[in-house]
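Each residue of the sequence shown is one higher than the last, beginning at 1 in full-length UniProt numbering.
C-beta atoms are modelled at their ideal positions from N, C-alpha and C, and glycine is treated no differently.
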Amino acid sequence: MNFHVQIRTIHDVPITREYPDVFPDELPGCLRDRDIEFIIDLYPGTPPIAKRPYECHQRNYSRPAEKGFVGPSSSPWGAPVLFVSKKDGSMRMCIDYRSPNEMTIKNKYPLPRIDDLFDRPKGAKYFSKIDLRSGYHHLKIERKIYTRLLSLPDMAGMNSR
């Protein structure tokens with residue numbers, strides 16, 4: 001048997017070639033550099049917080065690692081990672097940030113009222129539909145935050161059931 005596999009990329013779609021500055025080079029994956037960085041402020045003097053990792057099968061880490069969302073870390077900070085089954089049988093990666101959240105300086109800006117949000121687009125001529133699936137991967141986060149809150153436990157001590 002002779003099989004021919006056609007691998008398509010985002011550049012195979014004509015509109016992405018017409019407007020290359022609007023589309024990322026690859027979907028999905030890590031974001032490109034952005035001008036604005038997301039910052040998480042902690043109370044002064046907060047020591048590193050690290051919780052013991054939850055037991056988890058190592059294969060659950062492979063897909064997020066392939067996408068560049070996670071990687072090895074030697075940070076003194078760490079939050080346990082767990083995987084929850086979705087309806088379709090796939091796994092959703094969740095990170096238990098409850099302990100670090102207690103040390104986070106809360107945002108003092110009030111959330112906008114729903115009525116006000118509905119009033120904002122009045123008179124607009126153009127609207128954009130944004131794909132917010134995995135939207136948290138689209139934020140550029142201040143570099144020092146990576147060593148603080150975005151680290152995975154060392155895989156050496158993990159169970160592989």
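Sub-8 Å separation of residue i and residue j beta-carbons
i    : j    : result
T46  : M103 : yes
M72  : P48  : The amino acid at residue 72 is misidentified as Met; the sequence shows Pro. Contact: no.
I105 : Y43  : yes
First and last residue of the uninterrupted beta strand (DSSP E) at residue i
i           : result
residue 177 : Summary: the structure shown does not reach residue 177, with the chain confined to residues 1 through 161, and so no result is reported for it.
L82         : 81–85
Supposed contact pair residue j and residue i - C-beta distance, whole angstroms, cut 8 Å
i    : j   : result
G89  : A50 : Going by Cβ atoms, the distance from G89 to A50 rounds to 32 Å, so no, they are not a contact pair.
V84  : I95 : V84 to I95, Cβ: 11 Å. No contact.
E142 : F38 : 7 Å
Counted within 10 angstroms of its Cβ, other Cβ atoms place residue i as buried (16 or more) or exposed
i    : result
S151 : A caution first: S151 carries a pLDDT of 49, below 50, which makes its placement in the model too unreliable to give a value.
P100 : buried
P121 : exposed
Continuous alpha helix (DSSP H) stretch holding residue i: start and end
i    : result
R17  : 14–18
S99  : 98–102
F118 : 114–119
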